[in-house]
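Data first, discussion second: the structure below is written as structure tokens.
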Amino acid sequence: MKNKIIAGNWKMNKTIAETKTLIGSLIPLVADTNNTVIICVPFTDLATAVELTKGTNIHVGAQNCHWKESGAFTGEIAPSMLVELGVEYVVIGHSERRTYFGETDATVLARTNAALSAGLKPIVCIGETLAERESGNMEKVLRRQIVEGFKGITAEQLANVIVAYEPVWAIGTGVTATDEQANDSIAFCRSVFAEIYGEEVANALYIQYGGSMNDKNAAGLLAMEHIDGGLIGGASLVAEKFSGVVNAHK
Ligand code: PEP
């Protein structure tokens, strides 16, 4: 049995002062879990989060990184800059970045490659919109995101990647995929990875569910065969809710 990987995506929330309070509350609440706990915080909170979580079981991630090591890319952050801070993980290709910031499968792949080269563990997000699901194109979209977004990523590299299956219609909407819907979609994603990398690699790959997951619905989702963890947005901003997700699976 795999343990679960629970990652919080704080998005554009929390000042440094608020970060101190939230992490201070969170540390004792998640101290006894066997699951992996990650908080992905805004760039400005990274140094504080790394410092405050030293010696705890909480790992720190960023929410994006660029594909180049340095240069004229105003507003961007290089993977090595994150590594220098002590950051271990980075969210790549979140649907909000795909929707609002022009992220494509190609840029997702470029950022994933750069993150891996720098020694970061990418949490790569995929997922269909409601229109894509309702028009019967869900599998086509997920397949494309996997085939194009992981082109050239080796099986060895994939061992350091977490995939987050996040149906766009469930993100920040309060509408959660049912346990079965989430499990079935993740099983499909895993089958596509198996076609590319073989069964063993695909079974070892961690695939999280994300989309309005919280302390109330986490136990059911995390009990499903193919769901290896969660990427948590809104509920990760409240220590009791996020720890409720972390502790929902023993
Ligand atoms: C997310 O930001 O990845 C997410 C799943 O958000 P929420 O939990 O708020 O739906």
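Quick note on the numbering used here: the sequence shown kicks off at -11 and runs consecutively. Even glycine gets a Cβ: it sits at the ideal position worked out from N, Cα and C.
- Note that the region 54 to 69 does not touch the region 87 to 94; fewer than 3 beta-carbon pairs, one per stretch, sit closer than 8 Å.
- Judged by DSSP secondary structure, K128 falls outside any beta strand (DSSP E) and instead within the alpha helix (DSSP H) spanning M126 to G137.
- Comparing alpha carbon positions, the residue from E213, E84, G63 and I195 closest to T32 is G63.
- Per the Cβ contact rule, the region 89 to 106 is not in contact with the region 16 to 31 (fewer than 3 Cβ pairs under 8 Å).
- Straight-line spacing of the CA atoms in S224 and G208 works out to 18 Å.
- Distances from the CA of V233 to each of E76, N202, E213 and V38 were compared; the closest alpha carbon is that of N202.
- In the three-state DSSP reduction, L108 falls in the coil class, being neither helix nor strand.
- Annotation for L10: no beta strand (DSSP E) segment contains it, though the alpha helix (DSSP H) segment containing it runs I4 to V18.
- Excluding five sequence positions before and after D167, the CB atoms of its chain that fall closer than 7 Å to its own CB belong to G208, L209 and M212, given in chain order.
- If you keep only unbroken alpha helix (DSSP H) runs of at least 4 residues inside the region 152 to 197, you get 167 to 185 and 187 to 192.
- Restricted to the region 195 to 231, the beta strand (DSSP E) segments that are unbroken, complete and at least 3 residues in length are 217 to 220, listed in chain order.
- Apart from sequence neighbours up to five positions away, the residues of its chain that approach N(-9) with a beta-carbon distance below 7 Å are N22, N23 and T24, ordered along the chain.
- The alpha-carbon of N(-3) is positioned some 30 Å away from that of G186.
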